[in-house]
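In the working numbering, the protein residues as written are 21 to 615.
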């Protein structure tokens, strides 16, 4: 054998070893499980789920622990469908492969995954059940319904005249704040999704998918859940005529009319809650309504118009992107032109505000606002002529540019209910188990009311300068509560706080807390001036909420000035929060350690 042949054999052998080594590192995501491992209650839920028309096949699987540095194989029936890796951003996880058309998007909590895969042109939904077991559903795409968007065609529903604006106008301003959303759900809705925890996780997933769609399509918009809540409302499967400016009476689902009305005795409590949390949009999740999804108007401009309803059955809430679709209507976007181009009002308010369908056999797709007029699967993108998908431009400048619309209306949408500069909350609120609350003020947030976080609730307080919590606040064991001092001012002209700026000294009455210098470069002085007080604590936390230094814990102080030292050398660099609790109130001071 020649020397060159020997070299070739050695090289080939080494290549096989390398391939086998890489292959051995691939992990398997699913392991087989059985419905017999579930409780009777969950068995009943699985059995009812399997009867739904949109389900082609389902199986019970376990999820192996996810290592975000490894490749995973997705196997079904002992056949490998694809390989890829997981990318994590907070609780949101994306599964990426070498093909743009094969992907997964999920909420990741406690080693469980909730979301969907699209692999080899098949759609799969994955839902946690119990004991780390999941149901993996193969979706029959022929049974996926379209949103009715009104029982009499939403294409005639409008709230504004045609608008023309400069494309460069919105590109020059990138707003930092979010459009705030209150999401209410009915008993029928949470039963359809499997329970209170399930529907709250599905709502979070729907919002994450919506924000991902904005990122995919160069849209500045971002939506944020400020409250989820169960409303004890019995759904109506009827529709009724309601007045709409410019168009007279049009057919609207009764559930949506009742949601919108503040004084009809149906869901009236949601309007006060909306004001408490400054929610721009109100979304109602219903059970098997028959309409899929419907928005009150296209291009909501005032509080009374900013409502929509979405069905919990099938794929509407998550993998069909109906949540984003109905919000898109409220933001001014319309369906694809083929779904209603001959309608008189179809170019109002934006002639370029339509979804886009691309038809090319197995490579066909349609954007979020498009109906299935081109026989394609919906993908998590908006029409935009400046974005490509698989090398194909995703819209046109004169007709299909939903991204332009959403960027154009963003500033007005976020101001439907303005976040207060200083918020003194006096109304009571109980955040029930598994529900979500996010209370925000630009400068001062003062919660004087009875505010109770039940176990497993997720509650966040955010303010630009100071958060005060009164004696009525109670976060029960098992609840998740976070408070952040951060710049939440979303005005384009607002002055942004940066890491080299001195912060104002917060105070309550005769109490003053100061840190100097701040940012910390070595040794900083903490000065606390108080009147005679009981139950005083002064504790430093890192940005993950871990206690790092304790100066005072539940002590009594006489009137006077107290001095403490902060040694930056004892801490890692980064942001910390110094929290002073005094007589049932809280003062917080953000500290930057540059050491």
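Glycine residues also receive a C-beta, built at the ideal position from the N, C-alpha and C atoms.
Residue closest to residue i, alpha-carbon to alpha-carbon, out of the options
i, options, result
"residue 548", "580, 210, 475", "580"
"residue 615", "578, 600, 593", "593"
"residue 589", "276, 569, 158, 330", "569"
"residue 418", "427, 372, 385", "372"
"residue 385", "403, 368, 68, 370", "403"
"residue 52", "601, 59, 84, 347", "84"
"residue 591", "351, 543, 551, 554", "543"
"residue 312", "242, 239, 60, 164", "164"
"residue 308", "200, 148, 211", "211"
"residue 437", "221, 447, 291, 377", "291"
"residue 126", "226, 213, 411", "226"
"residue 79", "299, 149, 92", "149"
"residue 452", "466, 421, 494, 413", "494"
"residue 531", "507, 501, 577", "577"
"residue 223", "336, 119, 118, 120", "336"
"residue 412", "120, 60, 67, 61", "120"
"residue 443", "321, 457, 559, 298", "298"
"residue 379", "556, 415, 328, 54", "415"
"residue 424", "370, 450, 130", "370"
"residue 422", "450, 368, 445", "368"
"residue 96", "431, 50, 236", "50"
8 Å contact criterion, which residue i and residue j should meet: CB distance rounded
i, j, result
"residue 356", "residue 375", "4 Å"
"residue 136", "residue 338", "7 Å"
"residue 106", "residue 115", "6 Å"
"residue 76", "residue 151", "Their Cβ separation, rounded to whole angstroms, is 25 Å, which puts residue 76 and residue 151 out of contact at 8 Å."
"residue 134", "residue 202", "Incorrect: roughly 22 Å between the Cβ atoms, too far for contact."
"residue 561", "residue 597", "5 Å"
"residue 499", "residue 476", "7 Å"
"residue 489", "residue 606", "5 Å"
"residue 167", "residue 342", "6 Å"
"residue 399", "residue 409", "7 Å"
"residue 540", "residue 612", "7 Å"
"residue 426", "residue 353", "7 Å"
"residue 462", "residue 441", "4 Å"
"residue 599", "residue 559", "6 Å"
"residue 484", "residue 467", "Their Cβ separation, rounded to whole angstroms, is 16 Å, which puts residue 484 and residue 467 out of contact at 8 Å."
Residue i vs residue j beta-carbon contact at 8 Å
i, j, result
"residue 304", "residue 275", "yes"
"residue 100", "residue 154", "no"
"residue 208", "residue 302", "no"
"residue 334", "residue 74", "yes"
"residue 281", "residue 429", "no"
"residue 553", "residue 602", "yes"
"residue 158", "residue 142", "yes"
"residue 294", "residue 287", "no"
"residue 459", "residue 486", "no"
"residue 238", "residue 406", "yes"
"residue 90", "residue 63", "no"
"residue 470", "residue 448", "yes"
"residue 270", "residue 199", "no"
"residue 109", "residue 123", "no"
"residue 325", "residue 314", "no"
"residue 219", "residue 332", "yes"
"residue 393", "residue 358", "yes"
"residue 330", "residue 233", "no"
For residue i, the residue or residues it bridges with in DSSP
i, result
"residue 414", "404"
"residue 495", "473"
"residue 102", "94"
"residue 307", "According to DSSP, which records beta bridges pairwise, residue 307 is partnered with nothing at all."
"residue 155", "80, 147"
"residue 132", "129"
"residue 442", "464"
"residue 108", "113"
"residue 313", "330"
"residue 424", "DSSP lists no partner for residue 424."
Residue-level contact to chain B via CB, residue i, 8 Å cutoff
i, result
"residue 542", "No chain B is present in this structure, which holds just one protein chain."
Cβ-heavy atom distance, residue i to the ligand COA, below 7 Å
i, result
"residue 375", "Of ligands this structure carries none, so the ligand COA is not represented either."
Contiguous beta strand (DSSP E) assignments of at least 3 residues, all confined to the region 522 to 594:
Every unbroken stretch of the beta strand (DSSP E) spanning 3 or more residues and falling wholly within the region 522 to 594 is given here in chain order: 531 to 536, 543 to 550, 553 to 562, 567 to 577, 580 to 587.
| query | Enumerated in chain order, which unbroken segments of the alpha helix (DSSP H) with a length of 4 residues or greater are wholly contained in the region 226 to 303? | reply | 274 to 280, 289 to 297
- In the region 39 to 76, which residue ranges form an unbroken alpha helix (DSSP H) of at least 4 residues, counting only runs that do not cross its ends? 60 to 70
Next item on the list: Within the region 329 to 389, note down every full beta strand (DSSP E) run reaching 3 residues or more, in order along the chain.
Entry: none
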